[in-house]
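K.L.:
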Amino acid sequence: SAVISQKPSRDICQRGTSLTIQCQVDSQVTMMFWYRQQPGQSLTLIATANQGSEATYESGFVIDKFPISRPNLTFSTLTVSNMSPEDSSIYLCSVSLSGGRGNSPLHFGNGTRLTVT
Amino acid sequence: GEDVEQSLFLSVREGDSSVINCTYTDSSSTYLYWYKQEPGAGLQLLTYIFSNMDMKQDQRLTVLLNKKDKHLSLRIADTQTGDSAIYFCAVGGTGRRALTFGSGTRLQVQP
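First to last, the protein sequences are chains U and S.
Note that my numbering has the first sequence beginning at 1, numbered continuously upward.
Note that my numbering has the second sequence beginning at 1, numbered continuously upward.
1) Starting from the C-beta of I90 of chain U, find all residues in its chain whose C-beta is less than 6 angstroms away, skip the five residues before and the five after it, and write them out in chain order.
2) Can you pull the chain S residues whose beta carbon is under 9 angstroms from the beta carbon of P105 of chain U, in chain order?
3) Between T105 of chain S and S17 of chain S, what straight-line distance do the alpha-carbon atoms span, to the nearest angstrom?
4) What are the complete beta strand (DSSP E) segments, minimum 3 residues, inside the stretch 31-76 of chain U?
5) Buried or exposed, going by whether 16 or more other CB atoms sit within 10 Å of the CB of F50 of chain S?
6) Going by beta-carbon coordinates alone, are T79 of chain U and P67 of chain U separated by less than 8 angstroms?
7) Please compile the residues from chain U whose C-beta is within a distance smaller than 7 angstroms of the C-beta of A41 of chain S.
8) Grab me the residues of D3 of chain S's own chain with a C-beta within less than 6 angstroms of its C-beta, minus the 5 sequence neighbours each way, in chain order.
9) Is the beta carbon of L97 of chain U less than 8 angstroms from the beta carbon of F33 of chain U?
10) Under the three-state reduction of DSSP, which class applies to T81 of chain S: helix, strand or coil?
11) Please report the distance separating the alpha-carbon of L45 of chain S from that of S84 of chain U.
12) Using 8 angstroms for Cβ pairs, my map puts R10 of chain U next to V116 of chain U. What's the rounded Cβ distance?
13) Among U:P39, U:S69, U:T56, U:T48, whose alpha-carbon lies nearest the alpha-carbon of E86 of chain U?
14) Going by C-alpha to C-alpha distance, which of S:A77, S:A98, S:L64 sits closest to V12 of chain S?
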């Protein structure tokens, strides 16, 4: 498996501000994903972070709100822009160690717990 | 798209067996996973099963798959208080970009 480090682990932010979450993996991985887990809910895929090209967003998520960077095969960032209380969630970075399709499990970081006041 | 359903809550006594159930809708789902999430933590991959299997056992964990009914279960033998967590079922298929997660089942183990 891979060691996935996310920073910050938690933050409390004021509405209207932005927060950038970092995800660092200890090995090169093909596929990196960002998920959101709203309070008491399951995980919802935000986007796939593509190395060297723009991220692929799921329905309901847009680049202006959640810009993503993937400068290399071990690192990605997710920014939550112009935050509102509805953005309060746990944001999770995940990686696939092989293929990235449904035939390989995802490994997760510990997540970033975001509270927007 | 894929829909994955789980019951929300299960309470058992320490030492009993726990059975967590999951149903899914897409018959092309070929890879099925169980994750555990402890309070304040990310998701830990527990075990998985492929659709060409009916059962997989891994120490205290037993996964059963009924492909005809699209039903997956996770049995935890001799449940301990340290097993208290939320358990997520996740399914994937060849060609799909990422896994689809169920809503999670909160397991509470009473001493």
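Ideal Cβ positions, reconstructed from N, Cα and C, are used throughout, including at glycine.
Model, not experiment: these values are computed from the prediction.
P.N.:
In brief:
1) Position 90 of the first sequence, counted from the start, is the residue given in the question as residue 90 of chain U. A distance below 6 angstroms between beta-carbons, with the five flanking residues on each side excluded, links I90 of chain U to the following residues of its chain, in chain order: Q37, G111, R113.
2) In the first sequence, counting from the first residue as 1, residue 105 of chain U sits at position 105. Against chain S, the beta carbon of P105 of chain U has neighbours under 9 angstroms at Y31, Y33, Y35, L45, Y48, A90, G92, L99, listed in chain order.
3) Here residue 105 of chain S corresponds to residue number 105 of the second sequence, with the count starting at 1. Here residue 17 of chain S corresponds to residue number 17 of the second sequence, with the count starting at 1. Rounded to whole angstroms, the separation of the alpha carbons of S17 of chain S and T105 of chain S is 15 angstroms.
4) Along the stretch 31-76 of chain U, the beta strand (DSSP E) occurs as fully enclosed runs of 3 or more residues at 31-37, 43-49, 68-72, listed in sequence order.
5) Reading the second sequence from its first residue, position 50 is the one you call residue 50 of chain S. Residue environment analysis places F50 of chain S among the exposed positions, since fewer than 16 neighbouring C-beta atoms fall within 10 angstroms of its C-beta.
6) In the first sequence, the residue the question calls residue 79 of chain U occupies position 79. In the first sequence, the residue the question calls residue 67 of chain U occupies position 67. Cβ distance < 8 angstroms, so T79 of chain U and P67 of chain U count as in contact.
7) Translated into positions along the second sequence, residue 41 of chain S becomes position 41. Those are N110, listed as they occur along chain U.
8) Reading the second sequence from its first residue, position 3 is the one you call residue 3 of chain S. Hits under 6 angstroms: T25.
9) Sequence index remark: in the first sequence, residue 97 of chain U carries index 97 (1-based). Sequence index remark: in the first sequence, residue 33 of chain U carries index 33 (1-based). It is not a contact, given that the beta carbons lie outside the stated cut-off.
10) In the second sequence, counting from the first residue as 1, residue 81 of chain S sits at position 81. DSSP places T81 of chain S in helix when its eight states are reduced to three.
11) Position 45 of the second sequence, counted from the first residue, corresponds to residue 45 of chain S. Position 84 of the first sequence, counted from the first residue, corresponds to residue 84 of chain U. Taking the straight line joining both Cα atoms gives about 32 angstroms.
12) The count along the first sequence starts at 1 and reaches residue 10 of chain U at position 10. The count along the first sequence starts at 1 and reaches residue 116 of chain U at position 116. At roughly 12 angstroms, the Cβ-Cβ gap does not stay under 8 angstroms, so R10 of chain U and V116 of chain U are not in contact.
13) What you label residue 86 of chain U is simply residue 86 of the first sequence in a count that begins at 1. With distances taken between Cα atoms, E86 of chain U lies closest to U:P39.
14) As a first step, residue 12 of chain S is located in the second sequence; it is residue number 12 there, counting from the start. Relative to V12 of chain S, the option among S:A77, S:A98, S:L64 whose CA is nearest is S:A77.
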